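Comments concern the structure below.
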Amino acid sequence: MNKIQTQIKAFLSRFFGSHDLQADEDIFSLGFVNSMFAMQLVLFIEQEFQITIENEDLEFDNFRTINSITNLVERKTALSVQ
């Protein structure tokens, strides 16, 4: 796992109890995600990685797994560097 994945997993693990969340595991299918948690996740990502999640980024596929969240962060941070 890279640094971004590690940070995301650490955040998510606080909500998933003893479940060892894998990088490609669908967090929505596990039943832990509700609208409040989704907002907390977006706020965490924005604050932790200093990026802005736009309306067009708010798609389930961008937040479904640690890997998909990592890809979103990497895309957004690459755009902010340009």
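For the record, in the sequence shown the residue sitting at position 10 is 19 according to my numbering, with numbers rising by one throughout.
Just so it is clear, CB atoms sit at the ideal spot from N, CA and C, and this is done for glycine as well.
Owing to the predicted nature of the structure, the values given are computational and were not obtained by experimental measurement.
Burial state of residue i, where buried means 16 or more other Cβ atoms lie within 10 Å
| i | result |
| --- | --- |
| S77 | buried |
| T21 | Reading off the sequence shown, one finds Leu at residue 21, where the question assumed Thr. So L21 ends up on the buried side. |
| F37 | exposed |
| N71 | buried |
| L50 | buried |
Same chain, Cβ closer than 7 Å to residue i, five either side skipped, listed in chain order
| i | result |
| --- | --- |
| T86 | F58, I60 |
| R73 | D35, I36, F37 |
C-alpha distance - residue i paired with residue j, whole-angstrom precision
| i | j | result |
| --- | --- | --- |
| F41 | M48 | 13 Å |
| T15 | N64 | 25 Å |
| E34 | K12 | 18 Å |
| L39 | F24 | 12 Å |
| G26 | T79 | 21 Å |
Residues near residue i in its chain [Cβ-Cβ closer than 8 Å; skip 5 each side]
| i | result |
| --- | --- |
| K18 | M10, L30, A32, I75 |
| V82 | I13, I17, I54, F58, I60 |
Coil, strand or helix - residue i by DSSP
| i | result |
| --- | --- |
| R73 | coil |
| S27 | coil |
| F41 | coil |
| L144 | Since the displayed the chain opens at 10 and closes at 91, residue 144 lies outside it and no answer follows. |
| D66 | helix |
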